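Those letters in the sequence shown? Residues 15 to 186, per the working numbering, in order. We treat Cβ as the ideally placed atom computed from N, Cα and C, and that holds for glycine. Small disclaimer: the values here were computed from a predicted structure and weren't measured.
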Amino acid sequence: DPAMEEILSGLCTGTPDGHTWFHMYPLSWVLSKLYCILPDFHWYGCFLWLCQMGCVYACIVRTTEIIVCPKKQYMYMILTFLLMAGVMLPENVILTFTAVSGMLGATAVFLTATANFVNSKGNVIFKSVPAMICYYFAFCIRKDMALLLLPFLLCAGVFFVMTYKREQEDNL
């Protein structure tokens with residue numbers, strides 16, 4: 015991780031560069047351009063941390079949409095966040111791109127598997143957009159980790175289709 019941040023920030027080469035070992039080029043290119051704009055800011059670490067917090071937020075919101083009655087939603091969100099923050103504290107202190115990629119992929123699996131349990135009636139594609147974004151970033155951060163989680167995502171997709179068909183039959 016430090017070596018990739020050094021390449022992205024230009025610490026090794028003198029100019030920010032998007033050609034890193036594990037990251038896909040579109041993501042690396044964006045991060046290297048951010049280092050061109052503001053070179054002293056730690057864009058790489060901030061990006062990894064924001065991905066982790068985005069995963070935590072997405073899981074908390076989806077869980078509260080499914081389980082909790084609307085009157086107690088905010089209290090449940092706070093309690094869940096405190097629990098997840100306590101469990102994930104070591105991962106937030108030492109950020110690794112492999113753990114963040116795995117977390118994004120696992121979040122994509124969770125969001126796909128639970129998309130039909132949300133109370134909102136919306137387009138099927140719109141329900142799966144957050145999962146697609148999570149998996150795209152997981153793939154861009156570490157392709158190997160995203161490919162390892164692909165069978166689980168496919169199983170969650172099959173589960174999504176089965177529950178969607180059952181929901182459509184029940185509405186008829």
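Using beta-carbon positions only, say whether W63 and S23 come within less than 9 Å of one another.
-> The count along the sequence shown starts at 1 and reaches residue 63 at position 49. The count along the sequence shown starts at 1 and reaches residue 23 at position 9. Not a contact, by the Cβ cut-off of 9 Å.
Use the C-beta contact count for Q182: other C-beta atoms within 10 angstroms, 16 or more gives buried, fewer gives exposed.
-> In the sequence shown, the residue the question calls residue 182 occupies position 168. The residue in question, Q182, is exposed, as its Cβ has fewer than 16 Cβ neighbours within 10 Å.
If G171 sits next to T126, beta carbons under 8 Å apart, how far is it from one beta carbon to the other, in whole angstroms?
-> Position 157 of the sequence shown holds residue 171. Position 112 of the sequence shown holds residue 126. Yes, they are in contact, since the Cβ atoms of G171 and T126 sit about 6 Å apart, within 8 Å.
Jot down the residue ranges of each uninterrupted alpha helix (DSSP H) in the stretch 48 to 125, minimum 4 residues, whole runs only, in chain order.
-> Look at the stretch 48 to 125 and you find these whole runs of alpha helix (DSSP H), each 4 residues long or longer: 57 to 80, 87 to 101, 103 to 107.
Own chain residues within Cβ distance below 6 Å of C154, not counting five before or after | To locate residue 154, count along the sequence shown from 1; it is residue 140. Counting only Cβ-Cβ distances below 6 Å, and skipping sequence neighbours, we find M38, L41.
I80 vs T121 beta-carbon contact at 9 Å | In the sequence shown, the residue the question calls residue 80 occupies position 66. In the sequence shown, the residue the question calls residue 121 occupies position 107. No, the pair does not count as a contact, with Cβ atoms beyond the cut-off.
Which term fits V101, buried or exposed, when burial requires 16 or more other beta carbons within 10 angstroms of its beta carbon?
-> To locate residue 101, count along the sequence shown from 1; it is residue 87. Exposed, since its Cβ has fewer than 16 Cβ neighbours within 10 Å.
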